[in-house]
Amino acid sequence: MNVMPVVDLGRQPAKAAVGEPFPVSATVFREGHDKLGAEVVLTGPDGRRRDPVRMVKHPEVPDRYEAWVTPDAGGAWTFEVQAWSDPVATWQHAAGLKIPAGVDVELMFTEGRLLLERVRDQLDPAGRAEARQVLEGALDAAADPDRPTGARLAVLQDPRLVELLAANPLRELVTVEGPYPAYADRPRALFGSWYEFFPRSEGATLDPASGKVTSGSFRTAAKRLDAVAAMGFDVIYLPPVHPIGEVNRKGPNNTLTPGPEDPGSPWAIGSRHGGHDAIHPELGTFEDFDAFVAHAHELGLEVAIDLALQAAPDHPWVTSHPEWFTTRADGTIAHAENPPKKYQDIYPVNFDNDPVGICREVLRVVRLWMSHGVRIFRVDNPHTKPVAFWEWLLKEVRRTDPDVLFLSEAFTRPAMMHALGAVGFHQSYTYFTWRNAKWELEDYLRELASESDHLMRPNFFVNTPDILHAYLQYGGPAAFKIRAAIAATGSPSWGVYAGYELYEHVAVKPGSEEYLDSEKYQIRIRDWDAAEREGRTLAPYLTRLNEIRRQHPALQLLRNVHVHHSDDENVLVFSKTRQLDDGRRDTVVVVVNTDPHAARETTVHLDLPALGLAWGDSFVVHDELTHDDWSWSQHNYVRLDPAHEPAHILTVRSPR
């Protein structure tokens, strides 16, 4: 009963990725006192059933069993849970009690011999000679009444025999739950480092005499890609690149009084120059965009673009399909609102009036950009559109192009965020930007790694053009380090918005999370070279974080987070471990001072079995940030000064 992970009663597949272990659990029980066994059987996209994986008892929850399974190919998988009565385990338990007590001794040995003969008969004839030798020795002991009872029992309790019997169980009264679906996406759906910039700002110039700003283009922005790749990012994400509406255009800082040269918000999509299937003339042509994508690919970067299903008042859709929008009682078309915010330059799309027509148009637009090398879409405000629409669109794209990924930008209620993930969004923005205290982060890491992991994958953006949290506004450079260190190690996918490495932190007004002179409404010219020369950049730190992520497979998974304890309410401690194919274990322990204003010293208490170690072990840890080595054990003193280095990212090297 209660098999997990099951999404929407099995109507939707659980989240999985190629090479990513995921847990399957179930409540397994039977009548009486006989022992039982359970295992998970995966079936791949090729229809081939993989070898069963034995489930083990949960250490704390009665009758709960769990196993970790790993898809080895992309596509649609299924899994089922098989449970059975285990006569060998039942006999082992009874024999261990009755034979030493002198109860039914020969009867127990006879029953044991009969069970061992059944195991022998089902063994592969070409199996290992050592295994058959162990089994034959046990049969001889069980059938020899002349041997001392204790010696006979010892042979039947030999660890080698116990291991052999566990690997070749006798299954009686087999029951099956499933199959249930899971979908294994390509690894980028799980692991990646994102960098967001506005192409119009990259390579933009200012004429000192006239004060006129000339927009950057795809050609000038392509020159910035080398620096982004050098920092170790995998995905370059672009806000909307379409023509920007001229009607109700916004001015600097979201004002309603733009000047003739103000560029407007890229999210106010559409003008006389075209709509979602066009490129802003100042950015260039599709040929320029193709060259931008090609250069990104040369550098190992994937290009993600914004999919914002909304229109400026002068979007071609407003004329050709006025039924796609909401007409108010006074005859005007409703603009977007998020009270008290108003977006007079944006008309939301109303899916109720012509859902078929809108679906066809959106799919056409998506496939157009796919044909130009875009395989990742960041979707703006998907929670304001019907979930059924997203379910249809994502299935249509997956049917022909399963490598195309969608990131959900839905800062809304958990139920909606989970629903969007369940119907196919590959990644989701999260509440991470608002989780800054130690206890909040502990709870949130646990939730994302083991409670909602089958529904949605997190992407920990440290900031966005819309979100400049007070923590960054008032925390100084240390706050930027702290948030980056937690995001880069706590989630397999994370991201930054350009300017983060320059510590941009001034809000438009107290109490607001909007940037002053927000790049949403104007072109920002940044002198990257001067910042590097003068040491005013966090770029080397971001580079090192991305290097660490690539070097340590443990940081490339979501479900392996384990939270540890520290005595200080501001010192966060968690670890990630991963068993490697060569038998080694990659283990990383992260210790972060979440207080950007003061040094903290405390004792860190580690759950050593969670690290693959035994209680009482001591071991060497290597700090990947400072390159120091220390000898650690269960209890360890730490001092983290945010003025210098607020975090330890420790690799567990070897026990001592």
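Mapping to the UniProt record's numbering: the sequence shown position 358 is 358, numbers consecutive. Ideal Cβ placement from N, Cα and C applies to all residues, glycine included. In this text the structure is predicted, and so the values were computed from the model without any measurement.
In this structure, DSSP gives Y500 a helical state, which the three-state scheme calls helix.
Counting only runs of at least 4 residues, the stretch 277 to 362 fully encloses the following alpha helix (DSSP H) elements, listed from N- to C-terminal order: 286 to 298 and 316 to 320.
Taking C-alpha positions only, T332 is separated from S215 by approximately 33 Å. Under the three-state reduction of DSSP, L407 is assigned to strand. The stretch 188 to 198 makes contact with the stretch 496 to 510; the number of CB pairs closer than 8 Å reaches 3 or more.
One thing to note: F574 has its Cβ no nearer than 7 Å to the Cβ of V588. For A227, the enclosing alpha helix (DSSP H) covers residues L225 to A230. Assignment of N593 by DSSP, reduced to helix, strand and coil, places it in the strand class. Per DSSP, L640 is one residue of the beta strand (DSSP E) stretching across H635 to L640. Shown here for R446: same chain residues with a beta carbon closer than 8 Å to its own, the five before and five after excluded, namely V561 and V563 in chain order.
Every alpha helix (DSSP H) of 4 residues or more that sits fully in the stretch 519 to 545 is shown, in chain order, as 528 to 533.
Contact check for P239 against P266 passes: the beta carbons are separated by less than 7 Å. If only uninterrupted beta strand (DSSP E) runs of at least 3 residues are considered, those enclosed by the stretch 21 to 54 are 22 to 27 and 36 to 43.
Under a 10 Å Cβ-count criterion, D314 is classified as buried, with 16 or more other Cβ atoms of the shown protein chains found around its own Cβ.
Assigned with DSSP and collapsed to three states, M1 falls in coil, not helix or strand. Annotation for W630: the continuous beta strand (DSSP E) segment containing it runs D629 to W632.
Put simply, of G284, W369, N248 and W392 the residue whose alpha carbon is nearest the alpha carbon of H335 is N248.
Annotation for T577: A554, N560, H562, R585, D586, T587, V588, A610, L611 and G612 place their beta carbon closer than 8 Å to its own, counting only its chain and skipping 5 residues before and after. By the neighbour-count definition (other C-beta atoms within 10 Å, threshold 16), P414 is an exposed residue.
R653 sits close to H622, with the two beta carbons spaced by under 7 Å. When the beta-carbon positions are compared, L307 and F377 come within less than 7 Å of each other.
By the 16-neighbour rule on beta-carbons within 10 angstroms, S452 is buried. Of the candidates Y237, G275, P100 and H454, H454 places its Cα closest to the Cα of V423. Contact between G112 and L156 holds: their C-beta atoms lie close to 6 Å from each other, under 8 Å. Distances from the CA of R11 to each of A76, M55 and W369 were compared; the closest alpha carbon is that of A76.
A Cβ-Cβ distance of about 32 Å is found for the pair S201 and I649, leaving them out of contact under the 8 Å criterion.
In this chain, the beta strand (DSSP E) harbouring E172 covers E172 to D185. Only exposed fits G32, as fewer than 16 other CB atoms lie within 10 angstroms of its CB.
A distance below 6 Å between beta-carbons, with the five flanking residues on each side excluded, links F425 to the following residues of its chain, in chain order: F406 and S408. CA-CA distance, D121 to D581, rounds to 32 Å. Separation of S566 and H605 (C-alpha to C-alpha, rounded to the nearest whole angstrom) is 6 Å. DSSP places R600 in the uninterrupted beta strand (DSSP E) bounded by R600 to H605.
A residue is called buried when at least 16 other Cβ atoms come within 10 angstroms of its Cβ; T220 meets this threshold and is buried. Collapsing the DSSP output to three states places E246 in coil. Sorting P159, V174, W392 and H276 by C-alpha distance to the C-alpha of C359 places W392 at the top. When C-beta atoms of the stretch 251 to 258 are compared with those of the stretch 310 to 330, fewer than three pairs fall below 8 Å, so the two segments do not count as touching.
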